[in-house]
Amino acid sequence: MATAITDANVSRTYIVHIILSLSLLVSAVFMMLQDTPDYKRSIQGEMHTVKLSLGDTPWNIVERKTNRRFKEHFYDNGVYEWIYSTFNPNTKDNEKGGVAAVYKEDDMVLYRFIDNSQLFAYQVFFRLSMLEYWAALTLPMGIAMILTGYYTWRRKMYQLGGASTGRGRIYLKVLWFVFISFLSLLLAPSFLASASVYAPAIFVLVASFAVSQYIANFSKLF
Numbered sequence: 016m017a018t019a020i021t022d023a024n025v026s027r028t029y030i031v032h033i034i035l036s037l038s039l040l041v042s043a044v045f046m047m048l049q050d051t052p053d054y055k056r057s058i059q060g061e062m063h064t065v066k067l068s069l070g071d072t073p074w075n076i077v078e079r080k081t082n083r084r085f086k087e088h089f090y091d092n093g094v095y096e097w098i099y100s101t102f103n104p105n106t107k108d109n110e111k112g113g114v115a116a117v118y119k120e121d122d123m124v125l126y127r128f129i130d131n132s133q134l135f136a137y138q139v140f141f142r143l144s145m146l147e148y149w150a151a152l153t154l155p156m157g158i159a160m161i162l163t164g165y166y167t168w169r170r171k172m173y174q175l176g177g178a179s180t181g182r183g184r185i186y187l188k189v190l191w192f193v194f195i196s197f198l199s200l201l202l203a204p205s206f207l208a209s210a211s212v213y214a215p216a217i218f219v220l221v222a223s224f225a226v227s228q229y230i231a232n233f234s235k236l237f
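In structure tokens form, the structure reads like this:
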């Protein structure tokens with residue numbers, strides 16, 4: 016029994032790693048293939064839609080946090096410097112070889128990747144700030160959902176057969192789905208700008224509901 020659970024956990028971990036790797040790969044390919052002006056317009060369209068939906072005051076908060084995180088975690092800690100030195104074909108390290116030497120006949124691909132990496136990072140930090148904003152607004156409802164699940168679990172402890180192992184496994188899978196959705200929320204290209212406004216709120220509520228139901232149906236046999 017323990018071996019089966021361990022094997023399932025290992026398989027689940029492999030699946031998450033594969034999905035994360037594929038998501039990053041697709042995002043990198045998307046950045047390299049898309050023209051920088053088009054990519055920039057798509058992000059600006061997403062942000063403009065959010066600004067119109069939130070209003071000036073909430074938007075200023077989200078924008079300020081996005082700019083601060085972008086500066087601190089992308090420029091100040093050396094991420095952009097590493098990307099630039101690694102992929103710029105004119106740096107000393109790449110004149111004799113390196114990653115950039117592979118594309119020495121098509122330098123535009125590398126320069127586009129360098130430019131688009133900045134846009135991609137800003138998009139990720141913007142969506143994190145949006146997620147934080149909606150999490151703060153929906154926090155009371157999320158806590159209420161989780162507490163409901165907890166008290167339901169306490170009540171089922173005194174009922175014969177109250178805790179459902181099967182349902183607990185189902186909601187554990189839902190939690191993994193929520194985790195994958197979180198990655199998609201951060202890494203997905205800006206295809207639907209209107210969806211980016213309320214997608215973080217929906218994500219927070221679905222995650223809270225999944226945690227609540229998992230707690231409510233938790234069993235020691237699981």
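Letter by letter, the sequence shown follows residues 16 to 237 of my numbering.
For glycine and all other residues, C-beta sits at the position ideal for the given N, C-alpha and C.
Predicted model only: the values in this text are computed from it and were never measured.
Rounded to the nearest whole angstrom, the CA to CA distance from Phe197 to Gly157 is 16 Å.
Nearest to Tyr165 by C-alpha distance, out of Phe224, Ile195, Val41 and Val44, is Phe224. For Gln59, the enclosing alpha helix (DSSP H) starts and ends at Thr51 to Leu69. Excluding five sequence positions before and after Val65, the CB atoms of its chain that fall closer than 6 Å to its own CB belong to Val212, given in chain order.
When Val139, Ala214, Phe194 and Trp149 are compared, the shortest CA-CA separation from Ile58 is found for Val139. With 16 or more other Cβ atoms inside 10 Å of its own Cβ, Ser205 counts as buried. Scanning its chain for C-beta atoms nearer than 8 Å, with the 5 sequence neighbours on each side dropped, one finds around Leu134 the residues Met46, Thr51, Tyr54, Lys55 and Ile58, in chain order. By the neighbour-count criterion, in which 16 or more other beta carbons inside 10 Å mark a residue as buried, Tyr90 falls on the exposed side.
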